[in-house]
Amino acid sequence: MDSFKSYRITFLAIGLLFLFCFFANISLGSVNIPLKAIFNSLIDAPVSKLSWKHIVISYRLPKALTAILVGSGLGISGLLMQTLFRNPLAGPFVLGISSGASLGVALLVLTSVATSSFTLGLLASKWGLVIAASIGSLVVLFTVTLVASKVKDTMAILIIGLMFGSISSGMVSVLSYFAPAEQLQQYIFWGFGSLGNLSWEELSIFTIPFILGIGIAIYCIKALNTFLLGENYASSLGVDIKRSRFLIIIATSLLAGSITAFTGPIAFIGLAVPHITRLIFHTSNHKFLLLAVALLGSILMLICDSIAQLPNSEYTLPINAITSLIGAPIVIWLLIRKRKLLF
Amino acid sequence: MTHTVLSCKNLSIGYTQKKWKTVIASHLDMQLHAGEFVALVGRNGVGKSTLLRTLSNVQPALDGQILLEDTELKTYTPSHLATKLSLVLTDAIPSKNLTVQELIVLGRQPYTNWIGTLMQEDLQQIKNAIALTQIEDLVYKKCYELSDGQLQKVLIARAIAQDTPLIILDEPTTHLDLYHKAYIFNLLRRLAHQTQKTILCSTHEIDFAIQLCDQMIIMNTGTIETGTPQEHIKNQSFNTLFPKDLIQFDNISGRFKIKS
């Protein structure tokens, strides 16, 4: 029957894999730190080298936690969008969230030369990019939700989201065409995405929209399940379509918007993770899917981050490139295996 | 006298567009009773769907009164209405990955708590719906593995699980072969009589409806006529359904024949 019991073993296995990936992620990095020292740093026991503890506590641990928030958040918003738009190709960014964020950042970075010292100062601080990206994605999302409240057809919202995305991308292109090389490079670097830049303070602020978004998603579980039958059946089951649709869009915006603001755009996780989850869990009940997607999203993100870290080397690869390089083949493999992307 | 589930008084149906009212039918009166299997017939475009949409509160009535279980339809909250009225639509189910079990479980949504936990009563209703529609062997299949006929049975089971006094079906036998059309009609008749639910379906299968329905609603431009199939045959009502140039209703055999 439909209960946690039937998935207990799978959840247990995935939970263990999650813990393994978490510790593996923390123990891998440019500096080789013995496992014992890592464990001791985590439980606040004495460590032979103080620098090791510093690396683990102030750099690797927040980075691993960021990876968990990003992976689970993007996975869940991808799941929400696929269910809402009844489209297996929908991801967290179909509503133009990342394009909006890009536009915000582009406006800040690429015009900072021409404008006042205020923007330059903002750019110098860590918060500049976060605020610019937040405002950018909020503006796009606000417009999309405004349209969504007027439009009856959910598919129309999808197209409107895509169009706003195109408008933002177009504006970014125009800006980059006129921008000086140095600024352009800074903008491109933001586009690579990065998990490692968050301090504990930023991380704690990041968790606020994250928890809100997850909370709304959990609140919408019943509505999400009925959306699988289509909107007409959903409303015949007593679901307020407009309200649920609005809440689902808000949850996605909070999750994907805050993630993009803090870490830059991160591709493919949101699209691939729900499909991987459906392959492992043969259920369409969002009660299980939400938890499974969160766990698998975190695992995939921790793995991607460990690879991007290029253990024992000085270099770090752009995380956005790694998620694409790993995520796209997974989606192709799923398509070949199942010949059909069902949702 | 059996219990009246749905009744309409002086009902007008149609569309409102920018102050313009398009009336499709008016002064409609009818009463549907518990345990009745009722068919709504009429030619394409006559307004069957509009009538069903109005009766299921998807679109508002232009005028008049609809009483569902002695309460006015428009005063129901969406969640309360979901315990009184369930639908089987012609819409394709977007998620083909749903299992039959999950699909039927969704019928219990109006009764479950905020996260959808199934109680003893829910499990009993689900089991009951599966048994009544005889789909025990389909329970663990996914929707994409089902034939059209099987899917229709599953959708009917979902509506049964929703446990409402009234079930409305929109052309439940389109796309089905002759045998499965008869099967679904027979199933609906049996369900109505066994569960004492009122089942109203729109259909083009006049032959089967005459043989299996307790009541038929014949819809013509702007009007409806209700009665048992025998009354309709006696009143020559079926001959009003279609243009008279090609087919004619034969009272003796109770079916339409090509005019010779």
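Residue numbers (this note's numbering), protein chains in the order written: chain P, 6 to 348; chain V, 6 to 265. All C-beta atoms in this analysis are idealised placements derived from N, C-alpha and C, irrespective of residue type, glycine included. Quick caveat: nothing in here was measured; it's all calculated off a predicted structure.
### Query
Taking the alpha-carbon positions, what's the H59 of chain P to N45 of chain P distance?
What you label residue 59 of chain P is simply residue 54 of the first sequence in a count that begins at 1. What you label residue 45 of chain P is simply residue 40 of the first sequence in a count that begins at 1. Cα to Cα, H59 of chain P sits roughly 12 Å from N45 of chain P.
### Query
Is it the case that the Cβ atoms of L246 of chain V and G47 of chain V are separated by a distance below 8 Å?
Here residue 246 of chain V refers to the residue found at position 241 of the second sequence. Here residue 47 of chain V refers to the residue found at position 42 of the second sequence. Yes, the Cβ-Cβ distance between L246 of chain V and G47 of chain V is below 8 Å.
### Message
For chain V, check one thing: does any of its Cβ atoms lie closer than 8 Å to the Cβ of K227 of chain P?
### Response
Taking the first residue of the first sequence as position 1, residue 227 of chain P is located at position 222. Closer than 8 Å to some Cβ of chain V, the Cβ of K227 of chain P qualifies, so yes.
### Query
Can you find a CB in chain V that lies within less than 8 Å of the CB of T282 of chain P?
As a first step, residue 282 of chain P must be located in the first sequence, where it is residue number 277. Not one chain V Cβ lies under 8 Å of T282 of chain P.
### Query
On the premise that L196 of chain V lies in contact with I215 of chain V, defined as a C-beta separation below 8 Å, what is that separation, rounded to the nearest angstrom?
The residue you call residue 215 of chain V lines up with position 210 of the second sequence. The residue you call residue 196 of chain V lines up with position 191 of the second sequence. Contact flag wrong, Cβ pair sits at about 19 Å.
### Query
When the cut-off is 8 Å and only beta carbons count, does G235 of chain P lie next to chain V?
For the purposes of this step, residue 235 of chain P is taken as the residue at position 230 of the first sequence. Judged by the 8 Å Cβ criterion, G235 of chain P is in contact with chain V.
### Through-space distance from M160 of chain P to F90 of chain P, alpha-carbon basis
Counted from its first residue, the first sequence places residue 90 of chain P at position 85. Counted from its first residue, the first sequence places residue 160 of chain P at position 155. The alpha-carbon atoms of F90 of chain P and M160 of chain P are separated by roughly 7 Å.
### Task
Examine chain P for any beta-carbon lying closer than 8 Å to the beta-carbon of Y188 of chain V, and answer yes or no.
Sequence index remark: in the second sequence, residue 188 of chain V carries index 183 (1-based). No - not a single Cβ of chain P is within 8 Å of the one on Y188 of chain V.
#### Entry: Under the three-state DSSP convention, the category L47 of chain P falls into
As a first step, residue 47 of chain P must be located in the first sequence, where it is residue number 42. If DSSP states are grouped into helix, strand and coil, L47 of chain P belongs with the helices.
#### Entry: Boundaries of the beta strand (DSSP E) in which Y20 of chain V is found, first to last residue
Against the second sequence, residue 20 of chain V aligns to sequence position 15. 9 to 22 is the extent of the beta strand (DSSP E) around Y20 of chain V.
### Query
Taking the alpha-carbon positions, what's the K14 of chain V to L183 of chain V distance?
Mapped onto the second sequence, residue 14 of chain V falls at position 9. Mapped onto the second sequence, residue 183 of chain V falls at position 178. So the two alpha carbons sit approximately 36 Å from each other.
### Message
Taking 7 Å as the limit between beta carbons, can you name the residues of its chain near L322 of chain P, skipping five residues before and five after?
### Response
Along the first sequence, one-based indexing puts residue 322 of chain P at 317. Cβ within range, chain order: A313, L315.
### Task
Label Q114 of chain V either buried or exposed according to how many other C-beta atoms from any shown protein chain fall within 10 Å of its C-beta, with 16 as the threshold for buried.
By one-based count along the second sequence, residue 114 of chain V stands at place 109. By the 10 Å Cβ count, Q114 of chain V comes out buried.
### Query
What residues are listed by DSSP as bridge partners for Q235 of chain V?
On the second sequence, residue 235 of chain V is found 230 positions in, with the first residue counted as 1. The partner list for Q235 of chain V (beta bridge, DSSP) is empty, contrary to what the question assumes.
#### Entry: Coil, strand or helix - F28 of chain P by DSSP
Your numbering for residue 28 of chain P matches position 23 in the first sequence. In this structure, F28 of chain P counts as helix in the three-state DSSP scheme.
### Task
Consider the Cβ of K89 of chain V: report whether some Cβ of chain P lies at a distance smaller than 8 Å.
Here residue 89 of chain V is taken as the residue at index 84 of the second sequence, counted from 1. Residue contact check for K89 of chain V against chain P: no CB pair falls below 8 Å.
### Task
Kindly indicate if chain V contains any beta-carbon less than 8 Å away from that of G218 of chain P.
To locate residue 218 of chain P, count along the first sequence from 1; it is residue 213. Chain V, which has no Cβ nearer than 8 Å to the Cβ of G218 of chain P, makes this no.
### Task
Specify the secondary structure class of A164 of chain V as computed by DSSP and reduced to three states.
One-based indexing of the second sequence puts residue 164 of chain V at position 159. Residue state, collapsed to three classes: helix.
### Query
Residues of chain P with CB under 9 Å from S31 of chain V, in chain order?
Residue numbering aside, residue 31 of chain V sits at position 26 when the second sequence is read from its first letter. Here the premise fails: no neighbours, minimum Cβ distance about 26 Å.
### Message
Within 8 Å of any Cβ in chain V, is that where the Cβ of Y182 of chain P sits?
### Response
Here the question's residue 182 of chain P lines up with position 177 in the first sequence. With 8 Å as the cut-off, Y182 of chain P does not count as an interface residue toward chain V.
### Message
Cβ closer than 7 Å: which chain V residues qualify as neighbours of D245 of chain P?
### Response
Within the first sequence, the letter at position 240 stands for residue 245 of chain P. Those are P83, listed as they occur along chain V.
### Message
I'd like to know if L183 of chain V contacts chain P, where contact means its C-beta is closer than 8 Å to some C-beta of that chain.
### Response
Reading the second sequence from its first residue, position 178 is the one you call residue 183 of chain V. No, L183 of chain V lies away from the interface with chain P (no Cβ there is under 8 Å from its Cβ).
### Listed by chain order, chain P residues near N102 of chain V by CB distance under 7 Å
To locate residue 102 of chain V, count along the second sequence from 1; it is residue 97. In chain order: R283, S289, L347, F348.
### Beta-ladder partner(s) of T228 of chain V, from DSSP
Taking the first residue of the second sequence as position 1, residue 228 of chain V is located at position 223. BP columns for T228 of chain V point to V:N225.
### Message
DSSP three-state label for K264 of chain V, please.
### Response
Position 259 of the second sequence, counting from 1, holds the residue named residue 264 of chain V. The answer is coil: DSSP assigns K264 of chain V none of H, G, I, E or B.
### Message
Beta-carbon within less than 7 Å of M6 of chain P's beta-carbon, same chain only, minus the 5 sequence neighbours each way: which residues are those?
### Response
Sequence index remark: in the first sequence, residue 6 of chain P carries index 1 (1-based). Below a pLDDT of 50, predicted positions are generally treated as unreliable, and M6 of chain P, at 45, falls in that range; the measurement from the model is reported next regardless. Taken in chain order, the list of residues that qualify is empty.
#### Entry: Local Cβ density within 10 Å of L94 of chain V, reported as buried at 16 or more and exposed below that
Locating residue 94 of chain V in the second sequence gives position 89, counting from the first residue. Classification of L94 of chain V: buried, given that the 10 Å Cβ count is 16 or more.
### Query
What does M35 of chain V pair with, by DSSP beta-bridge criteria?
Position 30 of the second sequence holds residue 35 of chain V. Note: M35 of chain V sits in a beta bridge opposite V:C13.
### Query
Could you give the residue range of the alpha helix (DSSP H) that holds L134 of chain P?
Translated into positions along the first sequence, residue 134 of chain P becomes position 129. Element bounds for L134 of chain P: 132 to 155.
#### Entry: Host beta strand (DSSP E) of L174 of chain V (start-end)
For the purposes of this step, residue 174 of chain V is identified with residue 169 of the second sequence, where counting begins at 1. Here the beta strand (DSSP E) through L174 of chain V covers 171 to 175.
### Query
Is N230 of chain P close to chain V, meaning its C-beta is less than 8 Å from at least one C-beta of that chain?
Start at 1 with the first residue of the first sequence, and residue 230 of chain P comes out as number 225. Yes, its Cβ sits closer than 8 Å to a Cβ of chain V.
### Message
With a threshold of 7 Å (Cβ to nearest heavy atom), would D96 of chain V be considered close to the ligand NAD?
### Response
By its list of ligands, the structure shown contains no ligand whatsoever, and the ligand NAD lies outside what it can speak to.
### Query
So with Cβ pairs under 8 Å, would you call K155 of chain P a contact of chain V?
Residue numbering aside, residue 155 of chain P sits at position 150 when the first sequence is read from its first letter. Not an interface residue.
### Message
Which residue marks the beginning of the beta strand (DSSP E) containing F254 of chain V, and which one marks its end?
### Response
Here residue 254 of chain V is taken as the residue at index 249 of the second sequence, counted from 1. Here the beta strand (DSSP E) through F254 of chain V covers 252 to 255.
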